[in-house]
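K.L.:
Note that the protein sequences, when read in sequence, are chains A and B.
This note's numbering puts the first sequence at residues 2 to 178.
This note's numbering puts the second sequence at residues 2 to 178.
There are 2 protein chains.
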Amino acid sequence: MVEHSSFDLWIFRSLRRIMRAVDIHSRQLAAEFMITGPQLLCLQTLHEDGPLTTSALAKLIHVSSSTTVGILDRLEGKGWILRERSGHDRRIVLVRITATGEAVLAGAPSLLQDRLATGLRALPEQEQLAIAQSLERIVDLLEMPRRDVAPLLEAGPIIDTHAGGREFPSPIPEKEP
Amino acid sequence: MVEHSSFDLWIFRSLRRIMRAVDIHSRQLAAEFMITGPQLLCLQTLHEDGPLTTSALAKLIHVSSSTTVGILDRLEGKGWILRERSGHDRRIVLVRITATGEAVLAGAPSLLQDRLATGLRALPEQEQLAIAQSLERIVDLLEMPRRDVAPLLEAGPIIDTHAGGREFPSPIPEKEP
DNA sequence: GGTAAATCGTTTGACTACGAATGATTGCGG
DNA sequence: CCGCAATCATTCGTAGTCAAACGATTTACC
């Protein structure tokens, strides 16, 4: 509560504004396409990664499984997904997207806000890289276990300007195993 | 819907993980200190910027006024704030922090997660700058009015353009007067 | 002065989100 | 084969979040 670095509050407020903006975008989606952000993310993930169990889906979208159930309830209510219990292990529920769901997905807008997606694409690739890496850095700090912040110090600079090779973790950055 | 840039999904997932991490931190706060993140932010803001109207507070913390009402309800229930209608304009409700609220604030932890605050401070200042500017860039894109994304194209490199004032907000970013 | 418009706080409804508790089912050890 | 632990999905309670609708009040205009 004393002696904040100059950037703390700035970054904190930016985070809150981002969360708010994402939320508002979700409602615009809902108004126009009858689907919210998290619902769209679920549908998209189910489309790409085939039938999934509830918990596997939850891990993929970084959401608790109890939250996932509610989202799936609504998607199921609209007939965009199907739930079926596995024969071998009756505890497991496999979720798959329906044809209707595919159709909705085809007509739905980008996952990101158009402005964000378009705006990002308009930026030089190096800046896109810097932004993505900055976010990743913050995620690392936020998700780091309570203790030892120290290791981060040896992680090297965030911007690898020389990087001609430009290896960023391939389209989808894999998460920890 | 077609032709996603490689960074889109990466950035989107990072945003979701950030939101989740912030949410989880709020619950840890609630478990340990009986106060959530948004509640702490309200209390902190009321402490610093004196008595405020509900809508002024909402603007300061970047949250809708309907959300603010709920948060204030809980803070009032715990006796940490007071609401009083103004005599001159009876529509207005002035919110002020109580002595009990001040005491709670004194014992509460930092607004930011320790890990994030500490980790950020440990990074070279140039990286802190890069991170903060990247976030700001995203906020700009997200909060930009629906139409004309175009202007952004002429915005130049991420460093140091920040049109319309509000370039790096000196030590502690002052909120708008 | 009286009506219309604007403003302010609140309420309502829907959705997301979490952890904790629950119920069903499987698998392991004795 | 029997019970206990582990696993999986779900339900429950609380909180945060927004837009839209609402009631009370003030301001503006005629």
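All residues carry an ideal CB built from backbone N, CA and C; glycine is no exception.
Measuring CA to CA, which of A:18, A:139, A:81 is closest to residue 143 of chain B?
P.N.:
Taking the first residue of the second sequence as 1, we reach residue 143 of chain B at position 142. Ranking A:18, A:139, A:81 by Cα distance to residue 143 of chain B puts A:18 first.
K.L.:
Buried or exposed: where does residue 70 of chain A fall if 16 or more other Cβ atoms within 10 Å of its Cβ makes it buried?
P.N.:
For this step, residue 70 of chain A is matched to residue 69 along the first sequence. It counts as exposed.
K.L.:
Around the C-beta of residue 126 of chain A, are 16 or more other C-beta atoms found within 10 angstroms, so that it is buried, or is it exposed?
P.N.:
Counted from its first residue, the first sequence places residue 126 of chain A at position 125. The residue is exposed, with fewer than 16 neighbouring Cβ atoms inside 10 Å.
K.L.:
Is the CB of residue 48 of chain A under 8 Å away from at least one CB in chain B?
P.N.:
Working through the first sequence from its first residue, we reach residue 48 of chain A at position 47. Chain B contact via Cβ: absent.
K.L.:
When you compare the CB positions of residue 58 of chain A and residue 139 of chain B, do they come within less than 8 Å of one another, or not?
P.N.:
Position 57 of the first sequence, counted from the start, is the residue given in the question as residue 58 of chain A. Position 138 of the second sequence, counted from the start, is the residue given in the question as residue 139 of chain B. Against a cut-off of 8 Å, the Cβ pair of residue 139 of chain B and residue 58 of chain A comes out as no contact.
K.L.:
In chain B, which residues lie with their C-beta within 8 Å of the C-beta of residue 36 of chain A?
P.N.:
As a working mapping, residue 36 of chain A is identified with position 35 in the first sequence. By Cβ distance, chain B contributes nothing, its closest Cβ being about 13 Å from residue 36 of chain A, past 8 Å.
K.L.:
Going by DSSP, what residues sit across from residue 95 of chain A in a beta bridge?
P.N.:
Here the question's residue 95 of chain A lines up with position 94 in the first sequence. Looking at the DSSP assignment, residue 95 of chain A forms a beta bridge with A:54, A:85.
K.L.:
Could you check whether residue 43 of chain B and residue 25 of chain B sit closer than 8 Å to each other, using their CB atoms as the reference points?
P.N.:
If you number the second sequence from 1, residue 25 of chain B lands on position 24. If you number the second sequence from 1, residue 43 of chain B lands on position 42. No, the pair does not count as a contact, with Cβ atoms beyond the cut-off.
K.L.:
Residues in the same chain with beta-carbon distance under 6 Å from residue 120 of chain B, minus the five sequence neighbours each way, listed in chain order, please.
P.N.:
By one-based count along the second sequence, residue 120 of chain B stands at place 119. Nothing listed; no residue qualifies.
K.L.:
Which residue wins for smallest C-alpha separation from residue 66 of chain A, given the options A:74, A:75, A:56?
P.N.:
Locating residue 66 of chain A in the first sequence gives position 65, where the first residue counts as 1. Ranking A:74, A:75, A:56 by Cα distance to residue 66 of chain A puts A:56 first.
K.L.:
Could you check what DSSP says for residue 140 of chain B in three-state terms: helix, strand or coil?
P.N.:
Stepping through the second sequence from its first residue, residue 140 of chain B is reached at position 139. It is helical.
K.L.:
Can you tell me whether residue 63 of chain A is buried or exposed? The criterion is at least 16 other CB atoms within 10 Å of its CB, across all chains shown.
P.N.:
Residue numbering aside, residue 63 of chain A sits at position 62 when the first sequence is read from its first letter. Answer is buried; the Cβ neighbour count reaches 16.
K.L.:
Got a sec? Which residues, its chain only, sit under 6 Å from residue 85 of chain B by beta carbon, not counting five neighbours each side?
P.N.:
Translated into positions along the second sequence, residue 85 of chain B becomes position 84. Counting only Cβ-Cβ distances below 6 Å, and skipping sequence neighbours, we find 95.
K.L.:
For residue 80 of chain A, count neighbouring Cβ atoms within 10 angstroms of its own Cβ and tell me buried if that reaches 16, exposed if not.
P.N.:
Mapped onto the first sequence, residue 80 of chain A falls at position 79. Per the 10 Å Cβ criterion, exposed.
K.L.:
Out of curiosity, what's the CA-to-CA distance linking residue 33 of chain B and residue 40 of chain B?
P.N.:
Indexing the second sequence from 1 puts residue 33 of chain B at position 32. Indexing the second sequence from 1 puts residue 40 of chain B at position 39. Rounded to the nearest angstrom, the two C-alpha atoms are 14 Å apart.
K.L.:
Say whether chain A places a C-beta atom closer than 8 Å to the C-beta of residue 117 of chain B.
P.N.:
Here residue 117 of chain B is taken as the residue at index 116 of the second sequence, counted from 1. True, the Cβ-Cβ gap to chain A drops below 8 Å.
K.L.:
Return the chain-ordered list of same chain residues with a C-beta closer than 7 Å to the C-beta of residue 129 of chain A, the five sequence neighbours on each side being excluded.
P.N.:
Here residue 129 of chain A corresponds to residue number 128 of the first sequence, with the count starting at 1. Excluding residues within five positions, the ones whose Cβ falls inside 7 Å are 121.
K.L.:
How would you list, in chain order, the residues of chain B whose beta-carbon sits under 8 Å from the beta-carbon of residue 133 of chain A?
P.N.:
Against the first sequence, residue 133 of chain A aligns to sequence position 132. Here the neighbours are 8, 11, 12, 15.
K.L.:
Figure out for me which residue from B:36, B:12, B:54, B:23 has the closest Cα to the Cα of residue 93 of chain B.
P.N.:
Residue 93 of chain B sits at position 92 when you count from the first residue of the second sequence. The shortest Cα separation from residue 93 of chain B among B:36, B:12, B:54, B:23 belongs to B:54.
K.L.:
How would you list, in chain order, the residues of chain A whose beta-carbon sits under 7 Å from the beta-carbon of residue 137 of chain B?
P.N.:
By one-based count along the second sequence, residue 137 of chain B stands at place 136. In chain order: 15.
K.L.:
Exposed or buried, residue 87 of chain A, counting other C-beta atoms within 10 Å across all chains shown (16 or more means buried)?
P.N.:
Residue 87 of chain A sits at position 86 when you count from the first residue of the first sequence. Looking at its Cβ environment, which holds fewer than 16 other Cβ atoms inside 10 Å, residue 87 of chain A is exposed.
K.L.:
If residue 12 of chain A sits next to residue 132 of chain B, beta carbons under 8 Å apart, how far is it from one beta carbon to the other, in whole angstroms?
P.N.:
Reading the first sequence from its first residue, position 11 is the one you call residue 12 of chain A. Reading the second sequence from its first residue, position 131 is the one you call residue 132 of chain B. With 8 Å as the limit, residue 12 of chain A and residue 132 of chain B qualify as a contact, their Cβ atoms being about 7 Å apart.
K.L.:
Rounding to the nearest angstrom, what Cα-Cα distance links residue 30 of chain B and residue 103 of chain B in this structure?
P.N.:
Against the second sequence, residue 30 of chain B aligns to sequence position 29. Against the second sequence, residue 103 of chain B aligns to sequence position 102. Their backbone Cα atoms lie some 17 Å apart in a straight line.
K.L.:
Chain B partners of residue 100 of chain A, CB-CB under 7 Å?
P.N.:
Numbered from 1 along the first sequence, position 99 holds the residue referred to as residue 100 of chain A. Near residue 100 of chain A there are no residues of chain B at all, since even the closest Cβ is about 17 Å away, more than 7 Å.
K.L.:
Going along the chain, which residues of its own chain have a beta-carbon closer than 8 Å to the beta-carbon of residue 61 of chain B, five neighbours each way excluded?
P.N.:
Looking up residue 61 of chain B in the second sequence gives position 60. The residues are 46, 50, 53, 176.
K.L.:
Please list the partners that residue 18 of chain B has in chain A, where partner means a Cβ-to-Cβ separation under 8 Å.
P.N.:
Working through the second sequence from its first residue, we reach residue 18 of chain B at position 17. Those are 63, 140, 143, 144, listed as they occur along chain A.
K.L.:
Helix, strand or coil for residue 125 of chain B per DSSP?
P.N.:
Stepping through the second sequence from its first residue, residue 125 of chain B is reached at position 124. Coil at residue 125 of chain B, not helix or strand.
K.L.:
Residue 1 of chain A touches chain B at which residues, Cβ-Cβ below 8 Å?
P.N.:
In the structure displayed, chain A extends from 2 to 178; residue 1 of chain A sits before or after that span and is not available.
K.L.:
Going by DSSP in three states, residue 35 of chain A sits in which element: helix, strand or coil?
P.N.:
Counting from 1 along the first sequence, the entry for residue 35 of chain A is found at position 34. Coil.
K.L.:
According to the Cβ coordinates, are residue 16 of chain A and residue 105 of chain B closer than 8 Å?
P.N.:
Stepping through the first sequence from its first residue, residue 16 of chain A is reached at position 15. Stepping through the second sequence from its first residue, residue 105 of chain B is reached at position 104. Going by C-beta atoms, residue 16 of chain A is not nearer than 8 Å to residue 105 of chain B.
K.L.:
Grab me the residues of residue 27 of chain B's own chain with a C-beta within less than 6 Å of its C-beta, minus the 5 sequence neighbours each way, in chain order.
P.N.:
Within the second sequence, residue 27 of chain B is the residue found at index 26, counting from 1. If we look at residue 27 of chain B and ignore the five residues flanking it on each side, its Cβ neighbours are 37, 38.
K.L.:
Using DSSP with H/G/I as helix, E/B as strand and the rest coil, what is residue 60 of chain A?
P.N.:
If you number the first sequence from 1, residue 60 of chain A lands on position 59. Reduced to three states, the DSSP call for residue 60 of chain A is helix.
K.L.:
By Cβ distance, which residues of its chain are closer than 7 Å to residue 100 of chain B, with the 5 residues on each side in sequence left out?
P.N.:
Within the second sequence, the letter at position 99 stands for residue 100 of chain B. Taken in chain order, the list of residues that qualify is empty.
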